[in-house]
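Just so we're aligned: the sequence shown equals residues 542 to 1388 in the numbering used here. Just so you know, even glycine gets a beta-carbon here, dropped at the ideal spot from N, CA and C. Everything below concerns the one structure shown next.
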Amino acid sequence: MHSITLDPHNKYQLKWFFDDHKQRITFNAMVETTGWVGFGISPNGGMTGSDLVIGWIDEHGRPQFHDRYAEEEELPTIDESQDWHLLESGHNGSHTWFTFTRVYYTCDTEMDLHITSDMTKIIWAYSQHKPSSPNAMPQHKAHNRGARNVHLLSIPGHRLDNTAAEHIEKWDITSSNLLIPNNSDTTYWCKIVIAPFKTKVHVIRIEPMISPKTNAPFVHHMVLYRCLHPNSSHMDQYASHSGANLRQYDADTATMGSVADYRLFIPPKQESVTIAGHCHPTCFRSKIPDDGLHVIASLPHGHKHVRKILVRHFRNGTELEPIAEENNYDFNFQDFQRSPDQCRILRDDHIVVECTYNTQNRDIPLFGGLSTKEEMCLVFIIYYPRMKLTRNCLSGLTPQTVMTLSDVAEVHSIDDNDMNPLIVMPSNYANERLSEYVQNKSFWDQNVMSASQQLIRFAPQKAQCFWRKVDGAAGMDEIDDLIQYPTILNTYKEPVKECQTLSVYKYVKPSQPIYRPPSARIATNRTESPESHSSSTTSTSQSNNESLNKSGIFGNKAIVSDPLKSALKRSKSFGANVTDSNCESIGHLMSIEDISWENMTLIRRSIEKTNSMTTNQLMQIVRIICNKAIDNSSNSRSLAIICLTINEKQSETHRHLFIESLINCLREWFNERDRLRLTSGGARRWVAYVSFICELYMNLKTRTEPQNTRQCFNDTRHFDNEYDFHTNRSNDSQTSPPVMAKQEKQFSVLLYDSFQAILMNANSTPTEIECLHSSLRSCGKYLEEDNASRMKTLMATIRDTFLSLSQSSHQINCQKLYLEIIELCSSRWHFTQSQLIYYFPYTKPDQ
C-alpha cells in the first residue's frame, strides 16, 4: 500500500495499491471537503490531455462519479467509455472519500492514458461546493489544486519486523546554519559526520529530513557516503567487532553508465539524440560471485535535458528485460525503484545505459559534468552481495572520436590511455587540452552535429573501472581494448499489453433522420450540413466544417464529439489534385502544424534546391516528415505532396533516393508498431501512420492521370456519387511510369501489411477499424489492381473477423464496417443506390 499527502495543508490524502496479475490499480482519495473531488493522470502535469475522474455526494446522499477527459483548460468532458469504476464512497460532516479502480491498459486509447511503471504526473483538485449537475461544476480555488510526480507501480518495500524493534536504532544527519551562495546555479555541500556505532550495523531504511516550506525548494538530492579510515590498523580493530542479528549479506551501490566529462558529447539542435555508456564485463568479472549480483533497486540519473533513460541488459547475445527504464524522466523527481526478485547480473553480462536528450534550445553541444548546466548518463544500482573494492563501471568516447566531431586534426598523446591529450593542430590551439578546446569552442557546424548521432552512440568507447583500495585511496583501471555494443542475436521485446475493459461503448441513436452522405462519417472538407445541401451546392469547406462542429456528425448536441478526436478527420481528401510547382508545395509546407522554423527552412530549401542537399540532410528531412505525419494526421496530405515533389526534383544520379529512404523509415515504424501503439496516444499515431501511407500511395497514383479526371474527382457537389468518381478515375488512369512502379508497389505492400495488422490484433480500437474502412474506400480499387491475390487474402481475413465478432454495441458497428467493405469489393468498388440506403439508413435521397 502506498500513501501520500497531495496538498501542503494535509487536506488531500491519497492511498493506492495495485495487482500486476490482474493489471489493475485501486485508489482511495480522502479529502477534507463536502463538495466535489477530482483526481487524474496527466501527460504534462496540466489539465490539457489529462485522464481524470470527478466525484461528489449529491443532496440525496447518492454518489456521482464520472470518468472524464480534458482537452483544454476547461470543464472536462464525460467519457463515453467509463473505465474508472467506483467501488465505495462516503462522507461525514467534514470529509468526502472515494475508492475507485481501473485497469492499466484500457481499450479507450483515444481518451484514456495508460498506467505504466514510468514516472506519472498525477493531478488533483477539490471544491467546497457541490455541482448542480455534471455539466455545471463550481470552480475550485487556486490553492485547491496541484500536481505531483509519482511512480504508481513502484514495488513497495518490506515492512519492518516489529519484534526486532529493540535492535533498531535511529541516526539523524542534518546540516545546520547552511548559507547557500547566490552566485552559483549548483551548490554541493559536504559535511563529515562520525557514526555513533561501535560495531557493524546494516542500514535498513532511509528517509529524508526536509522542511516542506523552508528547505524543499532548494534541496535537490542528498547522498550519504561511507568514508574509510586511512589507518589500516584502526580498520582491523573496527572489523574485529560484529553486531547482532545482521542480515546474511552486505549490500552496496554501484554506478554504471557514461563518464561525466567532455567525452560525454551531446550535439545541439536535436529533438531526440541518444548516447550510450557501457559497463563492460571485464570490469566486474573477477568480483562477481557465482550466483551473480542481486539487484535490489535502481535509480537512473541525468540532468535537465534528459527525456528517457533505458538500462539494457545483455547476456550471451540475448537482450534481457531492462534493469531500469524511465520514459518520462524528470530531473526534479528522482527516486530508487525496487527491482523484481529475479533481476541478477552475472559475470559476463554487459550493461548499457542509454540516455535520450532534447537539445533543441541549444546552439552548442552539451558535455558531461557535475553542474546542472552539464549532463550525466548514469544508473545507481543497489545490490547484494557486496563486491570488494569495486564501485563504478563507466565508459566514454575516445579522444579520436571527439577530434572528429570538433575538427581537431592532430594531438599529442602520452599513451593510449591518455584521455585528455594536448592539441597539435590547429596550430593556433597548440598545447591546449582537448577538453578545454571543445568546451570553449563557440562555432559548431550544425550539419555535422545533425549527422553525428550514429557516431556518438555506436562509436567504440574507452572503458574505465573505478575501485577502492583497502587503505581508503581510490584508483582506476583502464581496459586496453575499445568496447562497444555486444553482438545481439535476440533483442528484448516487451510483452504486448492487452487492453481490458469493464464497460461497453455507448451507442445513441440519432434523435431525428438527417441527411448523412457516405463521406459524412469522415469529417473532411467535403461534408455539407443538412441546411446548406438544398440551398447551396458550392459552400466553402470552412462553412461546412463550422456547421459540423455545431451540430455534430449526427446533428445531436447531446452526443456531439469534436471532429478532431476522430483520427480519420483529414483536412484534405485522399489523392486530391496537385500541381508540380514550388509555390504549391511551399504552401502545403506552411500549412503544417507545430513545425519549428528551422525544420521548415530545411524542407523549403529541399523543395527549391533539391539537388544541393546532402544525403544526410535528406535523411534528416525524412525523419522530420515521418514524425510530423505520425504526430498529426491532418498533416498527411501536405507532407505526402512535399515528399513526392522532392522526389521528382532529384537528379538522375540520386533518383528516388529520397522516396526509398522514406519507405525504409516507414517500414521501420511498421516493425515497431506494437511499441508505438502502447505509447500515450499510440492508437491515434498508428492511425495517422496508415493515413499518411494512403496519401502517398494515392498521390503517386493520381500524378499521371488526365486533368479532366482529377477535376471530376474534386467536384464535391454530389456526395452519393463518390464511388462513381473512384470508378471513373480508375478507368481513365494511365499506367504509372516504370520508374515509379516499384515505389507504388512498396507503398501498396505497406498498406496491405498495415491492414492485416489491424485485423489480426484482437485489441484494435473502433477508430482503427474506421481507418481500415476509410482507406479501402479511397484506394481499394487501386490496391486490387496492383495485387489481386493480396486483396483476396485481405477480404478473407475481413470475412473471418466479421464472423468472429460478438454482439456488443461497439462490435456491431465494427461488423457493419466490415460488411460494407466486403460488399464494396464484391461490387467492384461501386455502390448502388439501394446499397447506400442500406448502409446509411438515416440518409434521405438527394433533392
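- In the three-state DSSP reduction, residue 977 falls in the helix class (H, G or I).
- Excluding sequence positions up to five before and after residue 1202, its CB lies within less than 8 Å of the CB of 1159, 1160, 1163, all in the same chain and listed in chain order.
- Taking the Cα of residue 849 as reference, the smallest distance to any Cα among 1151, 1305, 660, 624 is reached at 660.
- The C-alpha of residue 805 lies about 11 Å from the C-alpha of residue 980.
- Residue 1024 places its beta carbon less than 8 Å from that of residue 821.
- Distances from the CA of residue 1215 to each of 1142, 1240, 725, 1035 were compared; the closest alpha carbon is that of 1035.
- For residue 863, the enclosing beta strand (DSSP E) stretches over residues 859 to 867.
- With 16 or more other Cβ atoms from the protein chains shown falling within 10 Å of its own Cβ, residue 1365 counts as buried.
- When secondary structure is reduced to three states using DSSP, residue 829 falls in the coil class, being assigned neither helix nor strand.
- Judged by DSSP in its simplified three-state form, residue 641 adopts strand.
- A buried status is given to residue 608, since no fewer than 16 other beta-carbon atoms sit within 10 Å of its beta-carbon.
- Ranked by Cα distance from residue 1369, the first of 1344, 1141, 1320 is 1320.
- One Cα belongs to residue 593, the other to residue 671, and the distance between them is close to 18 Å.
- The three-state secondary structure of residue 940, taken from DSSP, is helix.
- Looking at the DSSP output, residue 666 shares a beta bridge with 579, 686.
- By the criterion of at least three beta-carbon pairs nearer than 8 Å, the stretch 919 to 935 is in contact with the stretch 785 to 801.
- For residue 1242, the uninterrupted alpha helix (DSSP H) segment begins and ends at 1223 to 1243.
- Judged by DSSP secondary structure, residue 873 falls outside any alpha helix (DSSP H); it is assigned neither H nor E.
- Linking residue 880 to residue 1340 through their CA atoms gives a straight-line distance of about 45 Å.
- Contact between residue 899 and residue 846 holds, with the beta-carbon distance rounding to 6 Å and staying under 8 Å.
- The three-state reading of DSSP puts residue 724 in coil, since its state is none of H, G, I, E or B.
- In this structure, the CA atom of residue 710 is about 37 Å from the CA atom of residue 638.
- In the same chain as residue 1141, and ignoring 5 residues on each side of it, the C-beta atoms closer than 7 Å to its own belong to 1130, in chain order.
- The continuous alpha helix (DSSP H) containing residue 989 extends over residues 987 to 991.
- A Cβ-Cβ contact shorter than 8 Å links residue 929 with residue 828.
- The stretch 852 to 872 makes no contact with the stretch 966 to 976: fewer than 3 CB pairs, one atom from each, lie closer than 8 Å.
- Residue 751 has its alpha-carbon roughly 6 Å from the corresponding atom of residue 757.
- Taking C-beta atoms under 8 Å as the contact rule, residue 891 and residue 1027 qualify, at a distance of about 5 Å.
- Leaving aside the five residues that flank residue 1167 on each side, the residues in its chain whose CB is nearer than 6 Å to its CB run, in chain order, 1206.
- For residue 1233, the CB contacts under 6 Å within the same chain, skipping 5 residues up- and downstream, are 1170, 1177 in chain order.
- Excluding its 5 nearest sequence neighbours in each direction, residue 646 has C-beta neighbours in its own chain below 6 Å: 655, 1038, 1040, listed in chain order.
- Taking C-beta atoms under 8 Å as the contact rule, residue 994 and residue 814 qualify, at a distance of about 5 Å.
- Counting along the chain, the unbroken beta strand (DSSP E) around residue 596 starts and ends at 592 to 598.
- In the pairwise beta carbon analysis, the stretch 547 to 557 is classified as touching the stretch 567 to 576: at least three pairs are separated by under 8 Å.
- Here the C-alpha atom of residue 874 lies approximately 20 Å from the C-alpha atom of residue 730.
- The C-alpha of residue 868 lies about 42 Å from the C-alpha of residue 634.
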